[in-house]
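In my numbering, the protein residues as written are 76 to 310.
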Ligand SMILES: O=C(O)COP(=O)(O)O
């Protein structure tokens, strides 16, 4: 939702040099956008295991090194996202990053953009299944919140169903390069956002009742949310 990603051509070249013809052939038969998208929801360990089952440890090792090295050419935050995060924090929202990414790739990306301190919570993905609904439920419990006090923002069709399992509204971001806009417009018609600006207007005009920190303050008299370091949940 918050960054664009392209598979870097340079990475393909390095994989070829590193693995030789056989591995490249196996990648060539599976490395399509469709197949990669079908593995979304799993972290990079699960994705790589499903695409290159026989050689996944080596591929994972190289993936991390390439991901870090070539990060500058494959991702950047969408325009307006970092400003929006600052504005939401200023308004007192608790911000949680719930991603299908694994802990390590998530950290590489956040560090690359200087965003490692932007979130109160960071919950990463599992290699075997989509655990976003479980992550949302954990947060509801931890912060003693009702689903109606939260929103989830995602660009995938599965984000709508995962948020739904936790009883939480999913705001669908259509600007992502992999967003299936037509499908999202059908299954989540009331919560479609074509641009970061539209999402910003919606979030910043949300009534107080859906602003979790303000609710917490009212209930408990807390001025600040609980310190994030003690609460960081990781799988
Ligand atoms: O971009 C990814 O690698 C994972 O996508 P997500 O953060 O929406 O789960």
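Yeah, the Cβ is synthetic: ideal placement off N, Cα and C, and Gly gets one too.
From residue i to residue j, what distance separates their C-alpha atoms?
i, j, result
"residue 266", "residue 246", "5 Å"
"residue 214", "residue 130", "36 Å"
"residue 271", "residue 132", "37 Å"
"residue 235", "residue 262", "8 Å"
"residue 173", "residue 259", "19 Å"
"residue 205", "residue 281", "28 Å"
"residue 181", "residue 195", "15 Å"
"residue 221", "residue 197", "19 Å"
"residue 201", "residue 175", "7 Å"
"residue 223", "residue 233", "20 Å"
"residue 148", "residue 250", "19 Å"
Nearest to residue i by CA position, among the options, is which residue?
i, options, result
"residue 140", "218, 227, 176 and 183", "183"
"residue 207", "142, 164 and 228", "228"
"residue 146", "203, 232, 188 and 155", "188"
"residue 122", "248, 177 and 193", "177"
"residue 124", "279, 274, 203 and 278", "203"
"residue 138", "156, 171 and 179", "179"
"residue 209", "243, 136 and 193", "243"
"residue 311", "191, 170 and 239", "For residue 311 there is no data in the structure shown, the boundaries of the chain being 76 and 310."
The alpha helix (DSSP H) that contains residue i, what's its start and end?
i, result
"residue 229", "It is not in any alpha helix (DSSP H) - residue 229 instead sits in the beta strand (DSSP E) that spans 226-229."
"residue 208", "207-218"
"residue 262", "256-262"
"residue 156", "156-166"
Start and end of the beta strand (DSSP E) containing residue i?
i, result
"residue 246", "244-248"
Answer yes or no: do residue i and residue j have a C-beta to C-beta separation smaller than 8 Å?
i, j, result
"residue 230", "residue 253", "yes"
"residue 248", "residue 274", "yes"
* Flag this pair as touching only if the region 117-132 and the region 149-160 have three or more C-beta atom pairs under 8 Å; answer yes or no. => no
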